[in-house]
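All remarks here apply to the structure that follows.
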Amino acid sequence: MATTIIPFGPQHPVLPEPVHLDLVVEDEKVVEARPSIGFIHRGLERLAEKKEYQEFVYVAERICGICSFIHGQTYCQAIEEIMKIPVPPRAQYLRTIWGELSRLHSHLLWLGLMADGMGFESLFMHAWRIREKVLNIIEATTGGRVIFGSCKIGGVRRDIDPDTMKTLLAQIDDINKDMHEIVNVFLSDRSVKARLVGVGTLTKDEAYDLGCVGPMLRASGVSQDMRSLGYAAFNEIKVEPIVRTAGDSYARCEVRCGELFQSVNIIRQAAAKIPPGEIAVKVTGKPTGESITRTEQPRGEVVYYVKANGAMNLQRFRVRTPTFANLPALLKVLQGCDLADVPMLVLTIDPCISCTER
Amino acid sequence: MTQEQTIENIALTELLDKVRSFRASKHRLAQICATDLGDKYELLYSFDLQGKLTSLRTYLPIPANHSLAPGSAGGPTTDATHPHLQSISSIYGASILYENELHDLFGIQMDGLAVDFHGNLYKTAIKYPMGSKKAPTPTCETK
Amino acid sequence: MAIFAMERLALKWAFKKPVTSRYPFEPRVPLPHSRGKLEMPTPTCIHCKICEKKCPTDAITVDRAKKTWVIDRLRCISCGACVENCPKDSLTLSEMHNGPVVTRDREFAAAVVIADKPSPPKV
């Protein structure tokens, strides 16, 4: 049969960010997909050699707009590990709370985009209506809506006072109720199911071999969540990974929906357990050494490699972002799918191209 | 807070055998990272098994006459002066993106790549922006 | 198992006021402690250049001799690093966000010359 190559992206209604795929199509079936990224490569890994290591937190946070806080947190953890800085427990708990808020807003964003991708506009509006409430909490506690700017090496820059914490918990209860309503729709609506069930199935072995991370891996039945490594306050708050075994788009949606309520749970636990005390320690000196730090972002595991040689700047700063690890799996699920399902499948890995191109 | 991780130093020649043994013991490829140390590249292959991270560290010498100037027609150079590295993509299929990245950012020539983007994965204005600083300043290409 | 989940959701919201605000008529009230526009320094500024040094985007330029404090609005990211490090607390972040910047004059468009400021109090 004759094959046709259909270019998909870098500008496409379903893609918020530029990624290009050449789809080799036979009739309506995609035979092969060839990716090409690098449209917005910013060279942030190289910028680390020019910025002071303490200033670089601001850059690390701006690697991605959606998982911004966890990027900053991971960078701070990497430096703290090299310099052996004891981070006060209150700061660890605050980081946990903000990290989970960022997961909430990222997953709600994704659910909205997902609904938008399948043409379910009203559901998309509802998902983003709830996300707006999360953003308001974030703005009230950190001062920024998307770029939190509240993490620094040695602790955090802002505290949440008890009154704000009380309002935060009340708002979280409200959000939790709203989320139940829309998650119900996502998991039971006939038209959503028709678009998701059985589409883009990835078996457990394939997911593991292709190096998937995050919800993509957990939807295929591999129980792996970097929060179980016990960074920040996760050594005291236990996280049970949410795992589904079907491995299709619906399972990925289920995992993310489950993680919404898990995050709410973690925020409540952290708010109950948060100890009083200092929120930051003073950092002096220059880092020498190297460390590999991993944390769980909304999209999956992120790997930071930081190498410092006692100068004001880092010698090497390397980020392996979750989307970068999920791209091979995307190419795998695209093989043999229908052309009409391509946008949905691209969305199910929750692509964050800015992350990918540091 | 310290996360469980080990870094093993190995020789470049052992790399493929080591990677094969990791594959046999069901490790997941977490990342491949290169660092420019002036006269050599430090390569770090990280593997994850049940949350435990093991990294292989090896060094790739940079030939003294290595130049990062682009080859003919602005395409990838197959210049003999580039450092050559054996690809692990036959063992870990997921390594193609990391290895194409090594080629595009560092100018390391990968041998035996399963999917070769020929330097088109990243569309950087400067070819091999993170390559060895010992080399002459890379020229900016205009398209 | 929810039946008609979306229909119920849609019906519920059909009789409610919209959650969006009518923007130009109802401007958004920023939340307290929001990081907005960086205000010009108060006369307590001693031109110590700490803000210039701490600024991650090099938006601030301070001239000690001429006693000028210049900010490039297009570069400022409202991170608050200068506010935290100011020894005289003369910098503040307003809750309102910066309006649109229409010119690209980097150095002088937003320049403030604090020439006639009183000499800083002796501590």
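Protein chains in written order, with my numbering: chain A, 1 to 358; chain B, 1001 to 1143; chain C, 2001 to 2123. We put the CB at the ideal spot given by N, CA and C, even for glycine.
- Per DSSP, reduced to three states, the secondary structure at P2056/C is coil, with no helix or strand assignment.
- Distance from the Cα of Y1092/B is smallest, within the candidate group N1100/B, R1020/B, Y1041/B, for R1020/B.
- Annotation: T201/A is outside any alpha helix (DSSP H) and is labelled neither H nor E by DSSP.
- At a cut-off of 8 Å, the C-beta of L196/A has no neighbouring C-beta in chain C.
- When DSSP states are grouped into helix, strand and coil, H107/A belongs to the helix group.
- Against S228/A, the close residues of chain B are G1051, in the order they occur along the chain (beta-carbon pairs closer than 9 Å).
- When the alpha-carbon of I82/A is set against those of K332/A, C337/A, G285/A, the nearest one is in G285/A.
- Nearest to S106/A by alpha-carbon distance, out of T293/A, C76/A, Y231/A, C64/A, is C64/A.
- Contact between the region 145 to 163 of chain A and the region 211 to 220 of chain A is absent: fewer than 3 CB-CB pairs across the two stretches fall below 8 Å.
- In this structure, I2046/C is the residue among R2008/C, P2018/C, L2074/C, I2046/C with its C-alpha nearest to the C-alpha of A2065/C.
- Excluding the 5 residues flanking it on each side, S150/A has same chain C-beta neighbours closer than 6 Å at T142, V156, R157, R158, in chain order.
- Residue environment: K51/A is assigned as buried (16 or more neighbouring CB atoms within 10 Å of its CB, all protein chains considered).
- By the rule that beta-carbons nearer than 8 Å mark a contact, H20/A does not touch chain B.
- Listed along the chain, the chain B residues whose CB falls inside 9 Å of the CB of S36/A are F1117, N1120, L1121, K1123.
- The criterion of a C-beta distance shorter than 8 Å is not satisfied by T288/A and T74/A.
- Distance check between P162/A and each of V199/A, L108/A, L94/A, N176/A places L94/A closest, using alpha-carbon atoms only.
- Closer than 8 Å to the CB of G2099/C there is not a single CB belonging to chain A.
- Out of E290/A, K282/A, E301/A, the CA that lies nearest to the CA of S228/A is found in E301/A.
- No Cβ of chain C is located within less than 8 Å of the beta carbon of H105/A.
- Taking all protein chains shown into account, L1049/B has fewer than 16 neighbouring C-beta atoms within 10 Å of its C-beta and is therefore exposed.
- Residue state for T1013/B is assigned as helix, using DSSP reduced to three classes.
- Straight through space, the alpha carbons of V2019/C and L2009/C are spaced by roughly 14 Å.
- Within chain C, no C-beta atom comes less than 7 Å from the C-beta of R318/A; the nearest is roughly 20 Å away.
- By the neighbour-count criterion, in which a residue is buried when 16 or more other Cβ atoms sit within 10 angstroms of its Cβ, Q11/A is exposed.
- Cβ neighbours of I237/A within its own chain (closer than 8 Å, five residues either side excluded): T96, I266, Q269, A270, K273.
- Proximity of chain A to S2034/C at the Cβ level (cut-off 7 Å) is accounted for by E139, G143, in chain order.
- Using beta-carbon distances, G1038/B does not count as an interface residue toward chain A, since no partner is under 8 Å.
- Spanning the alpha carbons of C2086/C and S2094/C requires a straight line of approximately 15 Å.
- Put simply, the CB of S122/A is near chain C, with a gap under 8 Å to one of its CB atoms.
- With contact defined as three or more Cβ pairs closer than 8 Å, the region 2022 to 2034 of chain C and the region 13 to 33 of chain A are not in contact.
- Rounded to the nearest angstrom, the gap between the Cα atoms of D2063/C and C2082/C is 16 Å.
- Taking CB atoms only, K50/A has no neighbour in chain B less than 8 Å away.
- Taking a beta-carbon distance threshold of 8 Å, L2011/C does not count as an interface residue toward chain A.
- The beta-carbon of R95/A is placed no less than 8 Å from the nearest beta-carbon of chain B.
- With fewer than 16 other beta carbons inside 10 angstroms of its own, S2021/C counts as exposed.
- The region 1113 to 1133 of chain B makes contact with the region 26 to 45 of chain A: 3 or more CB pairs, one atom from each, lie closer than 8 Å.
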